[in-house]
Amino acid sequence: MKINGTNELVVIDFEYAGYNPRAFDIANHFCEWMYDYHSAEPATMHLDQYPTKEQQRLFLTSYDSNQDLDSLLIEVDQWKMACLLFWGLWGLVQASQSEIDFDYFYYSMQRIKAFRLQLQKYLNKRND
Numbered sequence: 006m007k008i009n010g011t012n013e014l015v016v017i018d019f020e021y022a023g024y025n026p027r028a029f030d031i032a033n034h035f036c037e038w039m040y041d042y043h044s045a046e047p048a049t050m051h052l053d054q055y056p057t058k059e060q061q062r063l064f065l066t067s068y069d070s071n072q073d074l075d076s077l078l079i080e081v082d083q084w085k086m087a088c089l090l091f092w093g094l095w096g097l098v099q100a101s102q103s104e105i106d107f108d109y110f111y112y113s114m115q116r117i118k119a120f121r122l123q124l125q126k127y128l129n130k131r132n133d
């Protein structure tokens, strides 16, 4: 993450580091594009900020230029549901326990709603 226009690298949320399938981590990265944690409403999800297919392809090409991009895009899209659900449930836990001034419940409800929409799209594709 660039800070204040510098090239300084800042590592955040190290406590959540661990092994995940690559598509989960990439989907999580893309989902984070939908948040501006420095805005007046940091818990608000902006669905229109999710990277376009072109932006996703550019990122994935940089990530692994030898990979079949179409299959990796599908893999990431499917793992997006797990990412949305995971952080939605995490938000529910935080809403009941955290003392941080952040609307975890609102954050959680948006994530769970987005998960349900993605799940419905996935099921509709399978039924076509």
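At position 46 of the sequence shown (counting the first as 1) the number is 51 in this note's numbering, and the numbers step up by one without a gap. Think of the CB as a built atom: it goes at the ideal place given N, C-alpha and C, for glycine as much as any other residue.
Unbroken alpha helix (DSSP H) run spanning residue i, endpoints
i, result
"residue 63", "58–68"
"residue 117", "109–132"
"residue 51", "Segment: none, residue 51 is in no alpha helix (DSSP H) and carries neither H nor E."
"residue 93", "74–102"
"residue 37", "27–37"
Closer than 7 Å: residue i CB and nearest the ligand GDP heavy atom
i, result
"residue 30", "No copy of the ligand GDP appears in this structure; indeed no ligand is present at all."
Assumed close pair residue i, residue j - CB separation to whole angstroms, cut-off 8 Å
i, j, result
"residue 84", "residue 22", "Incorrect: roughly 18 Å between the Cβ atoms, too far for contact."
"residue 26", "residue 38", "The pair is not a contact, with the Cβ atoms about 19 Å apart (cut-off 8 Å)."
"residue 93", "residue 109", "With 8 Å as the limit, residue 93 and residue 109 do not qualify as a contact, their Cβ atoms being about 10 Å apart."
"residue 160", "residue 78", "Residue coverage of the chain in this structure runs from 6 to 133, which leaves residue 160 outside it and unanswerable."
Check your understanding: So does the segment 98–110 actually touch the segment 118–126, counting three or more Cβ pairs closer than 8 Å?
Key -> no
Check your understanding: Counting Cβ pairs closer than 8 Å, one from the segment 44–54 and one from the segment 66–74, do we hit at least three?
Key -> no
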